[in-house]
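The structure appears right after this line, and notes come after that.
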Amino acid sequence: AASGIGEAAARLFASAGATVVLADIQDSLGAGVAASIGPDRCRYMHCDVAREEQVEATVDATVAAHGRLDVMFSNAGVLLPAGAVMDTDMSALDRTMAVNFRGAAACVKHAARAMVAAGTRGSIVCTGSVATCQGGFGPAPYTASKHAVLGLVRAAAGELGRHGVRANCVSPGGVVTPLSCKLMGMDAEALEKLMSAANLLHGTALKAADVAEAALSLASDQAAFVT
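Residue numbers (my numbering): 3 to 229.
This is how it looks when you write it as structure tokens:
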């Protein structure tokens, strides 16, 4: 949550009145974002979602500090070069699944535990991708990991509804973020032009703030019956 969609979401949720716990492995960036939002609205915690014990510790610390957890926005992800299907780098596959899928599963698991234990009618939102439901938009490991996230969310929605906990997935197309710029080897302006030309809505480029707005909507009472 120290950059890109996560940073945009942290700022937006805080501006909407939420108390935000921002979790990432980019400590200097994360601490800087939290400080700029303000200590009364945001704190930073180091958390590598590929390590379940860190996810559990982050959720536990949040509940200890604030009494409950209302919303989990699971957004951490990697998009690693992995080659064509016939040349798949299996180490890249393992790392991609560890962060994108296993990390999301840990976030859903521990958020759900906290919400159910407290009787909180909470909201869990996971970031998918256009690759969540289509092929051809990324390497096979990335596409598989995002398909898995959608399956996880659907299963969670089916199980957690009896407790009043909702689970949803926001699946954006290409977004100009530090991650996508690095992957494409382009600066933000050039990548935005490329994406705006390729989008179905020509002349527009999806921004991190747009995805954050979707996450906030799904987390809010506006989506009280959406799961």
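Beta carbons are placed, not taken as given, at the ideal position from N, Cα and C, and that holds for glycine.
Do glycine 175 and valine 132 come within 8 Å of each other at the CB atom, strictly closer than that value? Result yes, Cβ atoms of valine 132 and glycine 175 sit closer than 8 Å.
Rounding to the nearest angstrom, what Cα-Cα distance links alanine 66 and asparagine 102 in this structure? 27 Å
Could you check where the alpha helix (DSSP H) with isoleucine 126 kicks off and where it finishes? DSSP places isoleucine 126 outside any alpha helix (DSSP H); the residue lies instead in the beta strand (DSSP E), whose first and last residues are 125-129.
Can you name, in chain order, every residue of its own chain whose Cβ lies under 8 Å from the Cβ of alanine 33, other than the five neighbours on each side? Tyr46
Among residues of its own chain, excluding the 5 on either side of valine 51, which ones have a beta-carbon nearer than 7 Å to its beta-carbon? Closer than 7 Å at Cβ, skipping near neighbours: Val57, Ala78, Val101, Gly105, Ala108, Cys109.
Using 8 Å as the threshold, is the C-beta distance between glutamate 161 and valine 178 below it? Not a contact, by the Cβ cut-off of 8 Å.
Please classify glutamate 9 as buried or exposed, where buried requires at least 16 neighbouring CB atoms within 10 angstroms. buried
Considering only residues of the same chain and omitting the five flanking positions on each side of alanine 116, which have a CB-CB separation below 7 Å? Val61, Val65, Leu71
With a threshold of 6 Å on Cβ separation, who are the neighbours of leucine 152 within its own chain once the five nearest residues in sequence on each side are excluded? Gly130, Thr134, Cys171
The beta strand (DSSP E) enclosing methionine 117, as first and last residue numbers: No beta strand (DSSP E) contains methionine 117, which is instead part of the alpha helix (DSSP H) from 105-120.
Between the Cα of methionine 74 and those of Ser93, Val87, Leu95, Thr21, spot the shortest distance and give me the residue it belongs to. Thr21
Which residues in the same chain as histidine 165 place their Cβ atom closer than 6 Å to its Cβ, once the five residues preceding and following it in sequence are excluded? Val118
For alanine 217 versus alanine 11, is the C-beta distance shorter than 8 Å? yes
For aspartate 26, does the three-state DSSP call read helix, strand or coil? strand
Where does histidine 48 fall in DSSP's three states? Three-state DSSP puts histidine 48 in a strand.
Beta-carbon separation of serine 147 and leucine 220 under 8 Å? no
Measure the Cβ-Cβ separation of glycine 163 and threonine 122 and say whether it is below 8 Å. no
Looking at C-alpha atoms only, which residue of Leu181, Glu55, Ser173, Ala37 is the closest neighbour of glycine 6? Closest option to glycine 6, Cα to Cα, is Leu181.
Would cysteine 44 and alanine 36 qualify as a contact pair, given that the criterion is a beta-carbon distance under 8 Å? yes
At least one CB of chain D closer than 8 Å to the CB of arginine 115: is that the case? Judged by its chain identifiers, the structure shown contains no chain D, having just a single protein chain.
Nearest-angstrom Cα separation, counted from threonine 98 out to leucine 82: 7 Å
So what does DSSP say about cysteine 183, is it helix, strand or coil? helix
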